[in-house]
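Which chain is which? The protein sequence lines are A and B, in order. For the first sequence, our numbering assigns the number 8 to the initial residue and increments by one for each residue that follows. For the second sequence, our numbering assigns the number 174 to the initial residue and increments by one for each residue that follows. We treat Cβ as the ideally placed atom computed from N, Cα and C, and that holds for glycine. No experiment lies behind these values; they were computed from the predicted model shown.
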Amino acid sequence: QKEVEQDPGPLSVPEGAIVSLNCTYSNSAFQYFMWYRQYSRKGPELLMYTYSSGNKEDGRFTAQVDKSSKYISLFIRDSQPSDSATYLCAMYSRRGSRLTFGEGTQLTVNP
Amino acid sequence: GAVVSQHPSWVICKSGTSVKIECRSLDFQATTMFWYRQFPKQSLMLMATSNEGSKATYEQGVEKDKFLINHASLTLSTLTVTSAHPEDSSFYICSARDREGSPYEQYFGPGTRLTVT
C-alpha cells in the first residue's frame, strides 16, 4: 500500500467551477501537508502548506487537513484555464525527513 | 527569492555516454539537495539525498554507481548519469532545502529532460 494515495484523474471542469482535489495517507507521523502545482514539463511549485489539522486559505485556494481521517483536500474556487496543471499533494514528517508525494491529479479547466 | 536552476533543461545523448546535470540554488544556501526522477504521468520518485560535503544517500533500488551525485558547495549539486541507456530517459528534477528555512520546505528546479537514443 502506498503511503500517500491520490486519484490521478484526469479531471476536467468548466471555467468558474469549484475544484476539489484530495489525498489520503496512512502514515500518522506526517505533520506537514503541502500542495504543489506542476505545469507540463516544469518543476513543481509550492502552492500551500498546512501544519497539522485545520484549514488554510490563500486567495482562491483553500487547503484542509483532517488528521483523524488521514485526509487532505485542496479547493480551488472560480477555477481558471491557467489553473490547468497537475496538482501533487506532499507530506513531511520529521522522522522521515523527506517529502512523500502523491501521484498527482491532472486538472484541465475549460474556457 | 528561493530560486533553483537546472542546467541543461533538456539533453539528448547516445546510449553508453555519460550526462551531467547541474542544480544550483541561486539566492540561498542549500545544505541539502534532493534528486527526483519523474516518468510521464507519474509522480516524483526520490532518487537520492545529498548533503553538502558528504556522500549522497540513495533510495532503495537506485544504483549509486550509475547515478553519481556530488554536492561540493552550498549552492551546487550535480547528477551524472553514467553509461546512459534508453530506459534512463526521464525528467530529472532537483530540489533544495534552504539552510535558514524550515525542514519541510523544498524549492524545486525546472527539471531536465533526458533522452537517451
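- Listed in chain order, the beta strand (DSSP E) runs fully inside the segment 180-218 of chain B are 183-186, 192-198 and 203-211, counting runs of at least 3 residues.
- In the DSSP assignment, A:N117 falls within the beta strand (DSSP E) that extends over T112 to N117.
- Assigned with DSSP and collapsed to three states, B:E278 falls in coil, not helix or strand.
- Residue burial is scored here from C-beta neighbours: B:S250 has at least 16 other C-beta atoms within 10 angstroms and is therefore classed as buried.
- A:S104 carries a coil assignment under DSSP once its states are collapsed to helix, strand and coil.
- DSSP lists A:R44 and A:T112 as the beta-bridge partner residues of A:Y94.
- Distance from the CA of A:K63 to the CA of A:V11, rounded to the nearest whole angstrom, comes to 20 Å.
- Between A:Y32 and B:E232, the alpha-carbon positions lie close to 21 Å from each other.
- Below the 7 Å Cβ cutoff, chain B contributes Y277 as neighbours of A:Y39, in chain order.
- Flagged as an interface residue toward chain A: B:T222, by a C-beta distance shorter than 8 Å.
- Against chain A, the CB of B:S216 has a partner CB under 8 Å away; the residue lies at that interface.
- Around B:D261, the same chain offers V254, L287 and V289 as residues with beta carbons nearer than 7 Å, after the five sequence neighbours per side are excluded.
- Taking 8 Å as the upper bound for CB-CB distance, A:A92 and A:Y56 are not in contact here, some 17 Å apart.
- Residue contact check for A:K77 against chain B: no CB pair falls below 8 Å.
- Using a Cβ-Cβ cut-off of 8 Å, B:P283 counts as an interface residue toward chain A, since at least one Cβ of chain A sits closer than that to its own.
- Apart from sequence neighbours up to five positions away, the residues of its chain that approach B:Q279 with a beta-carbon distance below 8 Å are F207, S268, A269 and R270, ordered along the chain.
- Across the set A:N34, A:P17, A:L28 and A:T115, the C-alpha of A:T115 shows the shortest separation from the C-alpha of A:P88.
- With the rule of 3 Cβ pairs closer than 8 Å, the segment 92-108 of chain A counts as touching the segment 217-224 of chain B.
- Boundaries of the beta strand (DSSP E) harbouring B:A269: S263 to D271, taken from the DSSP string.
- Comparing C-alpha distances from A:G66 to each of A:L81, A:K74 and A:S76 shows the shortest one belongs to A:L81.
- With respect to chain A, the C-beta atom of B:L252 has no partner C-beta closer than 8 Å.
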